[in-house]
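Protein chains: 2
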Amino acid sequence: MDHEPDASELLVHASHALRRSWMASLEPWNVAPHEFRALRAAADMEPARLSDLADRLRIANRSVTEVVDSLEGKGLVQRAPSPTDRRAVVVSLTESGAHMMSEIAGARSAAGQAFLEPLSEQERATLSTLLARLVGDSPPHRSHR
Amino acid sequence: MDHEPDASELLVHASHALRRSWMASLEPWNVAPHEFRALRAAADMEPARLSDLADRLRIANRSVTEVVDSLEGKGLVQRAPSPTDRRAVVVSLTESGAHMMSEIAGARSAAGQAFLEPLSEQERATLSTLLARLVGDSPPHRSHR
DNA sequence: TATTGTTATACTCTATAACTATA
DNA sequence: TATAGTTATAGAGTATAACAATA
Chain Y
2 MDHEPDASEL LVHASHALRR SWMASLEPWN VAPHEFRALR AAADMEPARL SDLADRLRIA
62 NRSVTEVVDS LEGKGLVQRA PSPTDRRAVV VSLTESGAHM MSEIAGARSA AGQAFLEPLS
122 EQERATLSTL LARLVGDSPP HRSHR
Chain S
2 MDHEPDASEL LVHASHALRR SWMASLEPWN VAPHEFRALR AAADMEPARL SDLADRLRIA
62 NRSVTEVVDS LEGKGLVQRA PSPTDRRAVV VSLTESGAHM MSEIAGARSA AGQAFLEPLS
122 EQERATLSTL LARLVGDSPP HRSHR
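If you read the sequences in order, they're chains Y and S. To convert, note that position 70 of the first sequence is 71 in the working numbering; the numbers rise steadily by one, no gaps. To convert, note that position 56 of the second sequence is 57 in the working numbering; the numbers rise steadily by one, no gaps.
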């Protein structure tokens with residue numbers, strides 16, 4: 002029943018370890034993981050329609066309402082009516098939201114670097130190349146849809 | 002604000018893609034992901050004390066009661082009093098649970114292979130080596146604690 | 001005094017359905 | 001007729017606290 006872990010098992014183990022480290026680096030800001038994901042997506046697509054956020058985050062429309070409510074409650078984003086579609090709502094980051102995003106992104110990237118520390122520059126490049134092939138080469142979740 | 006994804010970002014993207022494929026391969030069996038995780042852990046540590054399962058799965062003791070209840074309700078595992086500690090309960094797989102585990106493991110490994118298909122044998126080996134270094138070399142979650 | 005598993009309860013994240021207002 | 005976002009409601013998965021039995 003015991004077997005050597007193959008590349009796919011190792012992949013999820015490594016990603017779990019990294020994710021735990023990222024979650025830890027999120028703590029000082031009192032922002033839940035799903036809130037950070039939404040904040041990052043909003044920053045990335047700014048100004049973002051709620052339904053586009055739903056697609057990007059792979060969650061239901063209703064759930065976007067939820068997380069945007071909480072981000073708005075924390076003063077990190079703000080809603081505005083879409084200028085082009087009167088049914089739609091777009092969110093953008095407040096100054097404080099943008100500031101927090103950049104601080105968290107810094108901590109996150111530091112944690113990522115620390116995680117990759119066992120590998121040389123050369124090895125990281127190799128890893129990146131192989132992983133990019135696995136996710137289909139095209140950088141995932143790019144802003145242009 | 003747009004930046005090239007580094008190895009750590011790619012790592013989670015790849016692992017997410019793989020996890021989605023694994024979840025899909027779980028569907029035919031009507032077993033939720035967290036149930037499969039618990040079933041696999043139980044198989045791996047058999048006979049497993051509930052509190053050891055909690056440690057392994059990184060969830061609270063109370064939550065193990067929950068998932069073991071549901072696995073037991075599906076006839077996949079069974080509880081028994083620990084022979085060495087009268088406070089404790091151990092779970093073991095039923096015949097049907099063991100059978101399902103091996104079928105799912107097969108489907109899962111097939112999905113893993115399909116996912117790795119873009120890489121040559123050589124490249125998979127390289128990937129494994131690099132990832133193993135990242136997770137600390139010692140194969141993660143080995144039975145001996 | 002500490003630990004095991006459970007009962008009771010509640011939280012977080014996400015979902016479906018029904019509705020309003022636009023398109 | 002279809003879509004965007006919301007209100008109302010519910011589900012899954014996990015958590016904390018209090019407890020009884022045992023260590």
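Each residue gets a CB set at the ideal place from its N, CA and C atoms; glycine is no exception.
How would you call Ser144(Y), buried or exposed, if buried means at least 16 neighbouring beta carbons within 10 angstroms? Working through the first sequence from its first residue, we reach residue 144(Y) at position 143. Note that Ser144(Y) scores 38 on pLDDT, short of 50, meaning its location in the model is unreliable; the coordinates nonetheless yield the value given after this. In summary, Ser144(Y) is exposed, with fewer than 16 beta-carbon neighbours lying within 10 Å of its beta-carbon over all protein chains present.
Short-range partners of chain Y found in the region 81–106 of chain S, where Cβ spacing is below 7 Å: Residues passing the 7 Å Cβ filter: none.
Reference Val92(S), options Ile105(S), Ser52(S) and Ala61(S), closest by Cα: The residue given as residue 92(S) occupies position 91 in the second sequence. Ranking the options by Cα distance to Val92(S), first place goes to Ser52(S).
Contact set between Glu124(S) and chain Y, taken where Cβ atoms lie within less than 7 Å: The sequence position of residue 124(S) within the second sequence is 123, counting from 1. The contacting residues are Leu131.
Tell me, please, which residues DSSP counts as bridged to Val91(Y). As a first step, residue 91(Y) must be located in the first sequence, where it is residue number 90. Here Val91(Y) is bridged, per DSSP, to Arg50(Y) and Ala81(Y).
Given this structure, state the Cα-to-Cα distance separating Val69(S) from Val78(S), to the nearest angstrom. Within the second sequence, residue 69(S) is the residue found at index 68, counting from 1. Within the second sequence, residue 78(S) is the residue found at index 77, counting from 1. About 8 Å.
Contacting residues, own chain, Cβ-Cβ under 7 Å from Leu94(S) (five flanking each side not counted): If you number the second sequence from 1, residue 94(S) lands on position 93. Non-local C-beta neighbours of Leu94(S) in its own chain, meaning closer than 7 Å and more than five positions away in sequence, comprise Ala43, Ala44, Glu47, Leu77, Val78 and Met102, ordered along the chain.
Once DSSP output is grouped into helix, strand and coil, what is the label at Arg41(S)? The count along the second sequence starts at 1 and reaches residue 41(S) at position 40. Here Arg41(S) sits in helix by DSSP.
If we ignore side chains and look at the alpha-carbon of each, how far apart do Gly74(Y) and His100(Y) end up? The count along the first sequence starts at 1 and reaches residue 74(Y) at position 73. The count along the first sequence starts at 1 and reaches residue 100(Y) at position 99. Computed Cα separation, rounded: 16 Å.
Closer than 7 Å between beta carbons: that is the criterion. Which residues of the region 7–39 of chain Y meet it against chain S? Residues Asp7, Ala8, Ser9, Leu11, Leu12, Val13, His14, Ala15, Ser16, Ala18, Leu19 and Arg20.
I'd like the list of long-range same chain contacts for Ala61(Y), defined as Cβ closer than 8 Å, with 5 residues on each side in sequence excluded. Position 60 of the first sequence, counted from the start, is the residue given in the question as residue 61(Y). Excluding sequence neighbours, Ala61(Y) sits near Ala55.
In chain Y, which residues lie less than 7 Å from Pro134(S) when you measure between Cβ atoms? Your numbering for residue 134(S) matches position 133 in the second sequence. At residue 134(S) the sequence reads Arg, which differs from the Pro that was named. The answer, in chain order, is Pro119 and Leu120.
With a threshold of 16 other CB atoms inside 10 Å of the CB of Met2(Y), please say whether the residue is buried or exposed. Counted from its first residue, the first sequence places residue 2(Y) at position 1. In this prediction, Met2(Y) has a pLDDT of 49, which is less than 50 and means its spatial position is unreliable; what the coordinates show is noted afterwards. Result: exposed.
Name the chain Y residues whose beta carbon is nearer than 9 Å to that of Leu128(S)? Working through the second sequence from its first residue, we reach residue 128(S) at position 127. By Cβ distance, chain Y contributes Ala8, Leu11, Leu12, Thr127, Leu128, Leu131, Leu132 and Leu135.
Quick one: does Gly113(Y) have its CB under 8 Å from some CB of chain S? Translated into the one-based positions of the first sequence, residue 113(Y) becomes position 112. The beta-carbon of Gly113(Y) is placed less than 8 Å from the nearest beta-carbon of chain S.
Please name the residue in Glu67(Y), Arg38(Y) and Ser9(Y) whose C-alpha comes closest to that of Gly98(Y). If you number the first sequence from 1, residue 98(Y) lands on position 97. When each option's Cα is compared against that of Gly98(Y), the closest is Arg38(Y).
Assess contact between the region 106–114 of chain S and the region 19–36 of chain S, defined as three or more Cβ pairs (one per stretch) separated by less than 8 Å. Is contact present? Counting Cβ pairs under 8 Å, three or more are found: they touch.
Coil, strand or helix - Arg59(S) by DSSP: Taking the first residue of the second sequence as 1, we reach residue 59(S) at position 58. In the structure shown, Arg59(S) sits in coil (DSSP, three-state: anything other than H, G, I, E or B).
Relative to the C-alpha of Leu132(S), which residue among Gln123(Y), Val90(Y) and Pro119(Y) is closest? For the purposes of this step, residue 132(S) is taken as residue 131 along the second sequence, with counting starting at 1. Its Cα nearest to that of Leu132(S), the residue Pro119(Y) stands out among Gln123(Y), Val90(Y) and Pro119(Y).
Under the three-state DSSP convention, the category Ala33(S) falls into: Here residue 33(S) corresponds to residue number 32 of the second sequence, with the count starting at 1. Reduced to three states, the DSSP call for Ala33(S) is coil.
What residue from Arg41(Y), Ala15(Y) and Glu67(Y) has the CA that sits closest to Arg57(Y)'s CA? Taking the first sequence and counting its residues from 1, the one referred to as residue 57(Y) is at position 56. Residue Arg41(Y) is the option with its Cα nearest to Arg57(Y).
State yes or no: is the C-beta of Ser129(S) within less than 8 Å of the C-beta of Ser16(Y)? Position 128 of the second sequence, counting from 1, holds the residue named residue 129(S). Position 15 of the first sequence, counting from 1, holds the residue named residue 16(Y). Ser129(S) places its beta carbon 8 Å or farther from that of Ser16(Y).
Do you know how far the Cα of Gly137(S) is from the Cα of Glu104(Y)? The residue given as residue 104(Y) occupies position 103 in the first sequence. The residue given as residue 137(S) occupies position 136 in the second sequence. Near 28 Å, if we compare the C-alpha coordinates of Gly137(S) and Glu104(Y).
Excluding sequence positions up to five away, which residues of its chain have a Cβ less than 7 Å from the Cβ of Leu27(S)? Sequence index remark: in the second sequence, residue 27(S) carries index 26 (1-based). So the list reads Pro34, Phe37 and Ile105, once near-sequence residues are dropped.
CA-to-CA distance, Arg134(S) to Leu19(S), given in whole angstroms: For the purposes of this step, residue 19(S) is taken as residue 18 along the second sequence, with counting starting at 1. For the purposes of this step, residue 134(S) is taken as residue 133 along the second sequence, with counting starting at 1. Answer to the nearest angstrom: the Cα atoms are 20 Å apart.
CA-to-CA distance, Ala108(Y) to Pro82(Y), given in whole angstroms: In the first sequence, residue 82(Y) corresponds to position 81, counting from 1. In the first sequence, residue 108(Y) corresponds to position 107, counting from 1. Their Cα atoms are separated by approximately 33 Å.
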